[in-house]
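Chains as they are written, first to last, in this note's numbering: chain Z, 1 to 230; chain A, 1001 to 1072.
Here the structure comes first, spelled out in structure tokens, and everything after it is commentary.
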Amino acid sequence: MLYLYAILESPPPQKTLPAGIGGAVPVFVETHGLACAVSAAADATIAPEPSQIWRHQEVVAALMEGRPVLPLRFGTVVADAAAGLRLLARHHAELSAQLDRVRHCVEFALRVAGFAEHADPSLDAGPLSGTGPGASHLRTLVRRERGWPASSDGFPHGTLNAHAQSRLLWARSPSQPDLRASFLVQRRSAAAFLDDVAALQRLRPDLGITVTGPWPPYSFSDPDLSGGPE
Amino acid sequence: MPSRHSGEIAVADLLDRALHKGLVIWGEATISVAGIDLVYLGLKLLLTSTDTMNRMRATANAPPDESHLQAD
């Protein structure tokens, strides 16, 4: 089995990479102008332990220095190098386009604790009241947008959006009550973005506002593969 | 506001992203976590919350007759 870390453009960097999952040394498989960082996986199942996830992250972070990367979701494996090459070949057009979208960008994670959520019973009635997975998904999307405060004098986060190429809102849940958002920010705008987060915290000291990053663009790496497998 | 250690938040943010985001590829790739193989046979399974991961881990430890996997 091969464990997959991230996809990047060829040629991949020549530098020594951090040890990967299980201490294995990452190497690359390459085709169609793309490279995928992989390492041998002794076990077909990967335990989602923080230490392993940090290893995944450290490899991806080393790869993103100076080049765009698409981090794969933790735990992704293929049978062998030939299978990895087939994946790159099959999806090279979409993957290359997605690499262009995240070029020069990093992800920042913003959390806002203490911002009351307003229940919206209207979501449980009307056209979104269905019980199917489609209606449920749409309710989730609407709740994310409505749960995120509109930019205003009291919470002027509009400037954060201005710095971002893209934004993703995370759904709240009983176990995840904080407002959470991912921002895809150009590296050159990162300092300004962080300055505005600090200004937001000064304006609203009652809220617990935290930002972590820069992260690889985990939240912005999935291209539209709606065409399905070939 | 109760404060959390910044390292704890960084770990949480990484777990959010690495486990629930990141590139998912169709076809022969498998997401193999906690003993459960999610084989992509033309279906794109999205794991969108830590609740899902908690359910996965609970499922992995459940007796066979209670096994099920639910993705948001």
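We put the beta carbon where it would ideally sit given N, CA and C, even for glycine.
Small disclaimer: the values here were computed from a predicted structure and weren't measured.
Using a beta-carbon distance below 8 angstroms, is A79/Z in contact with chain A? Put simply, the CB of A79/Z is near chain A, with a gap under 8 angstroms to one of its CB atoms.
Straight-line Cα distance separating A61/Z from Q201/Z: Distance between the alpha carbons of Q201/Z and A61/Z is about 28 angstroms.
Among V112/Z, V25/Z, S10/Z, whose alpha-carbon lies nearest the alpha-carbon of V69/Z? That would be S10/Z, whose Cα lies nearest to the Cα of V69/Z.
Check whether the Cβ atoms of V1024/A and G75/Z lie closer than 8 angstroms to each other. no
Within chain B, partners of E1028/A - CB distance below 7 angstroms: Checking the listed chains, one finds no chain B in this structure; the protein chains it contains are Z and A.
Using DSSP bridges, identify the partner residues of S221/Z. S221/Z is not bridged to any residue.
Anything in the region 15–47 of chain Z with a Cβ closer than 7 angstroms to a Cβ of chain A? List those residues in chain order, please. Hits within the stretch, in order: A44, T45, I46, A47.
If the cut-off is 9 angstroms on Cβ atoms, which residues from the region 46–67 of chain Z count as contacting chain A, listed in chain order? I46, A47, P48, P50, I53, W54, H56, Q57, V60
If the cut-off is 7 angstroms on Cβ atoms, which residues from the region 89–111 of chain Z count as contacting chain A, listed in chain order? R90, H91, A109, R111
So with Cβ pairs under 8 angstroms, would you call W215/Z a contact of chain A? yes
Can you tell me the Cα-Cα spacing of D196/Z and L160/Z, whole angstroms? 7 angstroms
Could you tell me if P26/Z is buried or exposed, where buried requires 16 or more neighbouring beta carbons within 10 angstroms of its beta carbon? buried
Measure the C-alpha to C-alpha separation of Y3/Z and Q176/Z and round it to an integer number of angstroms. 29 angstroms
Whole angstroms is fine: what's the gap from W170/Z's alpha carbon to A79/Z's? 32 angstroms
Is L4/Z close to chain A, meaning its C-beta is less than 8 angstroms from at least one C-beta of that chain? yes
Can you tell me which of the three DSSP states A109/Z falls into? strand
What residues in its chain sit with their C-beta under 6 angstroms from that of T31/Z, if we drop five residues either side in the sequence? L85, L88, A89
Opening and closing residue of the alpha helix (DSSP H) in which A82/Z lies: 81–90
Distance, Cα to Cα, A199/Z vs E1028/A? 47 angstroms
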